[in-house]
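Notes to accompany the following structure.
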Amino acid sequence: MSIKDILISASGIVNSVLGVECSYTHSDGGTTDGINITIDRNKMVKDDMGMIAGYRVEASILKSDVPKIYNNESFTDDEGVTFKITQVTKETKTKWYVDIVEV
Numbered sequence: 466m467s468i469k470d471i472l473i474s475a476s477g478i479v480n481s482v483l484g485v486e487c488s489y490t491h492s493d494g495g496t497t498d499g500i501n502i503t504i505d506r507n508k509m510v511k512d513d514m515g516m517i518a519g520y521r522v523e524a525s526i527l528k529s530d531v532p533k534i535y536n537n538e539s540f541t542d543d544e545g546v547t548f549k550i551t552q553v554t555k556e557t558k559t560k561w562y563v564d565i566v567e568v
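Count along the sequence shown from 1, add 465, and you get the number used in our numbering.
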C-alpha cells in the first residue's frame, strides 16, 4: 500500500466519522447524494502578524467524492441547511478545503 493510498483511506475515515452526510449540487446542475463533508464553523483566520483576525466557515470534501470543485457550487446537509462554496482555500492530494456561506 502506497503513502497516497494510506492518505486517501485516512481522509475517508475522518470524513465518515466527523462529517455530515450531504447532497452536493454541481455547477452543471447534477447532484451527488451521500457525501460526507466536514464543516468547521469556527475556523480561525490570522493576519500577517499571526494575530487572530476573525473566524470563517470551512468545509473539507474528499476529492474521491467530488473530483473538481467550482465556486458557487453548493451542498445541503442532513438538516436541510444549504451552503454555497465561495472559494477553494487549500488543496491536498485527497481533499478540497473550501470557504462556505450558508444560503
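Backbone N, C-alpha and C fix where the C-beta goes; we use that ideal spot for every residue, glycine too.
Who are the Cβ neighbours of residue i in its own chain at under 7 Å, not counting the five residues just before and after it?
{"i": "threonine 496", "result": "Ser488, Tyr489, Thr490"}
{"i": "glycine 484", "result": "Asn501, Ile502, Thr503"}
{"i": "valine 546", "result": "Glu567"}
Once you ignore the five residues that flank residue i on each side, which residues in its own chain have a CB closer than 6 Å to its CB?
{"i": "valine 563", "result": "Ala524, Ile550, Val553"}
{"i": "tyrosine 535", "result": "Ser492"}
Taking 8 Å as the limit between beta carbons, can you name the residues of its chain near residue i, skipping five residues before and five after?
{"i": "lysine 508", "result": "Tyr520, Arg521, Val522, Glu523"}
Considering only their Cβ atoms, is the gap separating residue j from residue i smaller than 7 Å?
{"i": "glutamate 538", "j": "serine 492", "result": "yes"}
Using a 10 Å radius around the Cβ and a threshold of 16 neighbouring Cβ atoms, would you call residue i buried or exposed?
{"i": "isoleucine 565", "result": "buried"}
{"i": "valine 531", "result": "buried"}
- Task: Could you tell me whether the segment 520-528 touches the segment 549-562, where touching means 3 or more Cβ pairs closer than 8 Å?
- Result: yes
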